[in-house]
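For the sequence shown, counting from 1, position 547 maps to 547 in full-length UniProt numbering; every step adds exactly one.
Everything below concerns the one structure shown next.
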Amino acid sequence: MASNIPNSSSSRGNCSYRSCPPSSSSSRPCQQQPPGQRASCSTNIELARNYVAPFMPQQQLQEKLPDGSSRFKICKYASEMLDCLQAIRQDDCLCDVTLHTSESAGEGIRAHKVVLAGSSEYFRGMFTRGMREETMSEVCIREVNITKEVLCPLVDFAYSGEIHITQDNVQGLLVGATFLQMRHVIEACTLYLEQQLDSSNCVGIMEFARAHDCMDLEAKARRYVHEHFCDVAKNEEILDLCAKDMAEIVQREDLNVNCESEVFSAVVRWAEHDPTTRVPQLQSLLLHGVRLSSLAPAFLEDQLQRCHLIRREPKCIQLLMDRVRRLTQHTSLPCAGASGCQGQESASPVAGCSQGPCTSNAAEDIEEVELVAEPPPRRPGGQMVIYVAGGFYRKIMDSLKSFECYDPSTKEWARLPDLLRPRCGPGVTTLKGQVCVVGGRVMQCGINTDTCSLDIYDPRENQWRTCCHMNQARSRVGVAVLDNRIYAIGGSSGGELHNSAERYHQDTDHWEYVSSMREARHSPGVAVLNRLIYVVGGFDGRRRLESVECYHPEKNQWELISPLQRPRSAAGVAVMRGHVYAVGGFDGTHQLTSVERYDPSRGCWEEVAPLLKARSGVGVAVIHDKLYALGGFDGSDFLLCVERYEPDTDTWHPETNMLCERSGHGVTVGRMPTLS
Numbered sequence: 001m002a003s004n005i006p007n008s009s010s011s012r013g014n015c016s017y018r019s020c021p022p023s024s025s026s027s028r029p030c031q032q033q034p035p036g037q038r039a040s041c042s043t044n045i046e047l048a049r050n051y052v053a054p055f056m057p058q059q060q061l062q063e064k065l066p067d068g069s070s071r072f073k074i075c076k077y078a079s080e081m082l083d084c085l086q087a088i089r090q091d092d093c094l095c096d097v098t099l100h101t102s103e104s105a106g107e108g109i110r111a112h113k114v115v116l117a118g119s120s121e122y123f124r125g126m127f128t129r130g131m132r133e134e135t136m137s138e139v140c141i142r143e144v145n146i147t148k149e150v151l152c153p154l155v156d157f158a159y160s161g162e163i164h165i166t167q168d169n170v171q172g173l174l175v176g177a178t179f180l181q182m183r184h185v186i187e188a189c190t191l192y193l194e195q196q197l198d199s200s201n202c203v204g205i206m207e208f209a210r211a212h213d214c215m216d217l218e219a220k221a222r223r224y225v226h227e228h229f230c231d232v233a234k235n236e237e238i239l240d241l242c243a244k245d246m247a248e249i250v251q252r253e254d255l256n257v258n259c260e261s262e263v264f265s266a267v268v269r270w271a272e273h274d275p276t277t278r279v280p281q282l283q284s285l286l287l288h289g290v291r292l293s294s295l296a297p298a299f300l301e302d303q304l305q306r307c308h309l310i311r312r313e314p315k316c317i318q319l320l321m322d323r324v325r326r327l328t329q330h331t332s333l334p335c336a337g338a339s340g341c342q343g344q345e346s347a348s349p350v351a352g353c354s355q356g357p358c359t360s361n362a363a364e365d366i367e368e369v370e371l372v373a374e375p376p377p378r379r380p381g382g383q384m385v386i387y388v389a390g391g392f393y394r395k396i397m398d399s400l401k402s403f404e405c406y407d408p409s410t411k412e413w414a415r416l417p418d419l420l421r422p423r424c425g426p427g428v429t430t431l432k433g434q435v436c437v438v439g440g441r442v443m444q445c446g447i448n449t450d451t452c453s454l455d456i457y458d459p460r461e462n463q464w465r466t467c468c469h470m471n472q473a474r475s476r477v478g479v480a481v482l483d484n485r486i487y488a489i490g491g492s493s494g495g496e497l498h499n500s501a502e503r504y505h506q507d508t509d510h511w512e513y514v515s516s517m518r519e520a521r522h523s524p525g526v527a528v529l530n531r532l533i534y535v536v537g538g539f540d541g542r543r544r545l546e547s548v549e550c551y552h553p554e555k556n557q558w559e560l561i562s563p564l565q566r567p568r569s570a571a572g573v574a575v576m577r578g579h580v581y582a583v584g585g586f587d588g589t590h591q592l593t594s595v596e597r598y599d600p601s602r603g604c605w606e607e608v609a610p611l612l613k614a615r616s617g618v619g620v621a622v623i624h625d626k627l628y629a630l631g632g633f634d635g636s637d638f639l640l641c642v643e644r645y646e647p648d649t650d651t652w653h654p655e656t657n658m659l660c661e662r663s664g665h666g667v668t669v670g671r672m673p674t675l676s
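Listed below in structure tokens is the structure:
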């Protein structure tokens, strides 16, 4: 555990008095008698009387009963009684037991058995159930982890109901309270440790809680690891995880990571910490925990060359080579319980891996490994929200700066910091957990211009920043993320329509062109499936398009695939359960309710249930295996209504309205933002 929650055995205070003073500021400090001398009973009674506060009428409650009598309750009686008992104890009056610990010498801790029994199940059993300690005046607590410095404040708690917890004593107090079965102290220590949880100590707190049967604390510490894995993986405590815990963590669907390379790096770093015992388990962790199909082929090839742990394990080599082959051939293993897929990672060496060429005979030594189903994609559950950015609203004749998010679990919208500039027709996507807004048209205060800007919103900071501009201004642009790079495709600027495409490298903050599409188009829908970018429909300046183009990143080439059943521009396009969905849009005459989806295994489009309301300029998003259609234009009105598609029943259902009517906005899914 991290040093800010040190081990109790190394953080003992000094306790030289017979019995620790009460933690209450209202209690008298412990007054020790000279050796061999104790206060008389009359003296103790007088001290107790002086200690108890004078009676005040407002401190009592009166309940009048039907028979004319009254029942009175003294509000502070219990606390005053405890204060009185503590005062009597500190003067060593009527005490009938002295407690010792296995390591203590000399005087013990004086107390009253009845008070101890009332606050501790352990003492209740010891003093009331016929055990030999029931008649003993000297009792030794032989639990090795309970020192006098731990026992003193626990005995004081029995008399005061107060406990002073610090980073130095919390572990010792929790161990002692657990042994003595002091429920309230256990709860206080657990709450304190929960409040101290951070990325540097959560693993240690989790293991400490498990060792002492604090199941609630263990569960909360484990949940903290899951929710903050990216930060936890950078700290040393993760190296102390046992193989079972490491496997449980990386296998979880709800593990909160920005990119899968963080998980890969953590697994390799963990194995490298103790290679003798952990390297044999590396292949299993990569196979069953890391979502290898969410990594870029270049990343995997880089690890095959650079990471010595991978190079020394033939089964790991075989596993990574198979995934590279499948990714570059745009085929994939079936996912266990999967629906949809995530973007892939860009190439970079894993931290902690030594670099060097792969041994020449490594491939020859490879044994065949059983390739089981790919683990299901990461699905961080209730942490995910739908972001809506910009758009156009005719009543104000301006593009919008508003930015909001929707939590499907609570069905509530939240207003977020405005965009840095108003935009309609932007491309919006998510890269490494951050919301990226690309291009669009700025229409405000007489300005009407297309932009090449890229602004990025960090949900953790709840702030925007500006990054490198595109090479070409683009409004009504399609965007997607592939191999951790943003692709901006088509669009228009001024009166010119584009067939060009460019991609953004976040590591170097620059854009570069890729090959151009076969057709120029603005207002296309864009999505990624099996590492192929699909560009669906759009407008070429003369007609609405039914054509669909597919980009192969290895070839840097576009090819036409099966066309839509009907032409449409400004449709919403997204991927769900291995299909590309095209939702609504405009066919040149009417706004559409029709929805169709593309099955790559059959190479054809098929219609599914239509929208409840026709709409073009619609934003779509997939979250929790449900497809959402947000806003748009129905031919006469700008919409704030939202619909939800259930694929299991092939039905659409109304959802909570947006905060603002809009069309031509951008939509994406990302982490819940940190709101003040």
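Beta carbons: idealized from backbone N, C-alpha and C, even for Gly.
Is it the case that the Cβ atoms of ASP216 and THR190 are separated by a distance below 8 Å? At a Cβ-Cβ threshold of 8 Å, ASP216 and THR190 count as neighbours.
Over the uninterrupted beta strand (DSSP E) stretch that includes SER70, give me the two end residues. Looking at the DSSP string, the run of the beta strand (DSSP E) that includes SER70 is 70-74.
Looking only at C-alpha atoms, which of PHE539, ASN484, VAL481 and TRP511 sits nearest to HIS498? PHE539
Work out the CA separation of TYR598 and GLY572 for me, nearest whole Å. 14 Å
If you measure between the beta carbons of VAL442 and PRO422, is that distance less than 8 Å? The answer is yes: Cβ separation under 8 Å.
Spatial distance of LYS411 from THR649 (CA atoms): 21 Å
Cα-Cα separation, ASP96 to ASN145: 25 Å
Leaving out the 5 sequence neighbours to the left and right, which residues in its chain are closer than 6 Å to ALA243 when beta-carbon positions are compared? Contacts found: GLN281.
I need the straight-line Cα distance from GLY578 to ALA629, nearest angstrom please. 18 Å
N-terminal and C-terminal residue of the beta strand (DSSP E) that PRO376 is part of: From DSSP, PRO376 is part of no beta strand (DSSP E); its letter is neither H nor E.
Using beta-carbon positions only, say whether LEU116 and ILE109 come within less than 8 Å of one another. no
For LEU295 and PHE264, which I take to be in contact (beta-carbon distance under 8 Å), what is that distance rounded to the nearest angstrom? Correct: roughly 7 Å between the Cβ atoms.
Considering only the alpha carbon of each residue, which of GLU643, GLU272 and HIS112 lies closest to ASN657? GLU643
Simplified DSSP state of ILE396, which is helix, strand or coil: coil
Taking the alpha carbon of residue 683 as the point to measure from, which residue in TYR513, ASP458 and GLN565 has its own alpha carbon closest? Limits of the chain in this structure are 1 at one end and 676 at the other, which puts residue 683 out of reach.
State buried or exposed for SER26, treating a residue as buried only when at least 16 other CB atoms are found within 10 Å of its CB. Legend: pLDDT at SER26 = 38, less than 50; position of this residue unreliable, no value from coordinates given.
Does DSSP put SER616 in a helix, in a strand, or in coil? strand
Which residue or residues does DSSP assign as beta-bridge partners of PHE123? DSSP, once it has assigned bridges, lists no residue as partnering PHE123.
Roughly how far, in whole angstroms, is the beta-carbon of ARG474 from the beta-carbon of GLY491, given that I think they are within contact range, below 8 Å? 3 Å
How should CYS641 be labelled, buried or exposed, when 16 other C-beta atoms within 10 angstroms of its C-beta is the threshold for buried? buried
What are the residues that DSSP puts in a beta bridge with TRP413? TYR406
Quick one: any contact between the stretch 303-323 and the stretch 549-563, if contact means 3 or more CB pairs under 8 Å? no
Let me make sure I understand the geometry here. Which of LEU180, GLU661, PRO524 and GLU80 has the alpha-carbon closest to that of ILE141? In this structure, LEU180 is the residue among LEU180, GLU661, PRO524 and GLU80 with its C-alpha nearest to the C-alpha of ILE141.
Using beta-carbon positions only, say whether VAL170 and LEU193 come within less than 8 Å of one another. yes
With distances taken Cα to Cα, identify the nearest neighbour of LEU545 among SER562, LEU529 and LYS555. SER562
Taking just the CA atoms, how far does LEU174 sit from ASP168? 12 Å
When you compare only the Cα positions, how much space is there between THR668 and THR593? 21 Å
Can you have a look at GLY664 and say buried or exposed, based on whether 16 or more other CB atoms are within 10 angstroms of its CB? Flag for GLY664 reads buried.
May I have the straight-line CA-CA distance separating VAL620 from LEU627, to the nearest angstrom? Roughly 7 Å separates the two Cα atoms.
From PHE638 to ARG518, what distance separates their C-alpha atoms? 33 Å
Is it buried or exposed for GLU606, if we count other Cβ within 10 angstroms and need 16 for buried? exposed
Around the C-beta of MET470, are 16 or more other C-beta atoms found within 10 angstroms, so that it is buried, or is it exposed? buried
Among GLN59, ARG129, GLY204 and CYS214, which one has its Cα closest to the Cα of LYS73? For LYS73, the closest of GLN59, ARG129, GLY204 and CYS214 by C-alpha to C-alpha distance is GLN59.
Determine the closest residue to PHE392 out of CYS214, ALA298, PRO408 and ASN448, with distance taken between C-alpha atoms. Taking only the C-alpha atoms, the option nearest PHE392 is ASN448.
Go ahead and pull the three-state DSSP assignment for THR178. helix
Rounding to the nearest angstrom, what Cα-Cα distance links ASP455 and LEU420 in this structure? 7 Å
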